[in-house]
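Just so we're aligned: 311 in this note's numbering is position 144 of the sequence shown, and the numbers increase by one with no gaps anywhere.
The beta-carbon is built from N, C-alpha and C at its ideal position, and this holds for glycine as well.
For reference, the structure discussed in these notes is given below.
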Amino acid sequence: MSYAIIGFGAIGQALARAFARNNIEVSVASRRAPEVLLPQAQAIGSTVVPRTLQEALKADVIFLAVLFEGHREVAKMLPSWQGKTVVDAMNGFEGLSTADVAKAFPGARFVKGFNHLPARTLAADPNVNGSRRVVFLSSDDQAAAAQVADLSEQLGFAPVNLGKLAEGGALVQVLDKSWAPLIFQDLFKNEPERPATAGAAS
Numbered sequence: 168m169s170y171a172i173i174g175f176g177a178i179g180q181a182l183a184r185a186f187a188r189n190n191i192e193v194s195v196a197s198r199r200a201p202e203v204l205l206p207q208a209q210a211i212g213s214t215v216v217p218r219t220l221q222e223a224l225k226a227d228v229i230f231l232a233v234l235f236e237g238h239r240e241v242a243k244m245l246p247s248w249q250g251k252t253v254v255d256a257m258n259g260f261e262g263l264s265t266a267d268v269a270k271a272f273p274g275a276r277f278v279k280g281f282n283h284l285p286a287r288t289l290a291a292d293p294n295v296n297g298s299r300r301v302v303f304l305s306s307d308d309q310a311a312a313a314q315v316a317d318l319s320e321q322l323g324f325a326p327v328n329l330g331k332l333a334e335g336g337a338l339v340q341v342l343d344k345s346w347a348p349l350i351f352q353d354l355f356k357n358e359p360e361r362p363a364t365a366g367a368a369s
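Here it is, written out as structure tokens:
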């Protein structure tokens, strides 16, 4: 499975840190040339690899971390998004829901996620005092949601599936400058204590 982050601003770099922390290779790309991104990518970790947009879009799972108005430009770069899982980590102020954004990516398996936390929080280690930071996911494709949930676990987060885009997605999106209920909610999932092994003193 190959991964890419499109957009290398605050959110893109925060996501890249999560990949680097877990030694998982990820391509990063923006409208800037790969060599321009290289110093920042190297500062984050050796598994963060700058590429051209066209190269990065060959990945199986693609995180959209561009400014909201830039998503249409990215969408036009492939004639079909069949076989791609696209994770929408953007927040928009144009009155468009995630379901509307998904229509710009024909054929993609679309998942909303990783958008409800500020970049500084998203960049931090999600394991805190034995608990894991929650990321919310929603999708009309439950297989895609499960795939991104598995990746979230690998990155150290605790995924919570909110259901379909029209329902769960509405809880975590910024729409017309209004904040949905779960935006900026920094929640943690406590790990269940392991049962005592057989023969241990009770």
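Contact between the segment 305-312 and the segment 274-286 is present, with at least three C-beta pairs closer than 8 Å. Per DSSP, the continuous alpha helix (DSSP H) segment holding Val315 begins and ends at 309-321. In this structure, Asp292 is the residue among Asp292, Ala311, Val315 with its C-alpha nearest to the C-alpha of Asp353. Counting only residues of its own chain and dropping the five nearest sequence neighbours on each side, Ala177 has a CB closer than 6 Å to the CB of Ala286. Within the segment 168-240, the runs of alpha helix (DSSP H) at least 4 residues long that lie entirely inside it are, in chain order, 177-188, 201-211, 220-223. Taking a cut-off of 8 Å on C-beta distances, the segment 201-213 does not touch the segment 230-239, as fewer than three cross pairs fall below it. A Cβ-Cβ separation of about 18 Å leaves Glu240 out of contact with Ser194 under the 8 Å criterion. For Leu304, the enclosing beta strand (DSSP E) begins and ends at 298-306.
Nearest in C-alpha terms to Ala347, of all of Leu284, Ala226, Ser319, Val253, is Leu284. Shown here, Gly280 sits in a strand according to DSSP, grouped into three states. For the pair Leu182 and Pro326, the Cα-to-Cα distance works out to about 15 Å. For the 8 Å CB-CB criterion, Leu224 and Ala171 form a contact. A Cβ-Cβ distance of about 21 Å is found for the pair Gly330 and Arg299, leaving them out of contact under the 8 Å criterion. Burial state of Asp227 is exposed, judged by a 10 Å Cβ sphere holding fewer than 16 other Cβ atoms. Per DSSP, the unbroken alpha helix (DSSP H) holding Val268 starts and ends at 265-269. Look at Ala256 here: in three-state DSSP terms it is coil, with no helix or strand label. Look at Ala347 here: in three-state DSSP terms it is coil, with no helix or strand label.
Between the beta-carbon of Trp248 and that of Phe272 there is about 5 Å, and that keeps the pair under the 8 Å contact cut.
Of the residues Ser264, Ala290, Val315, the one whose Cα lies closest to the Cα of Gly280 is Val315.
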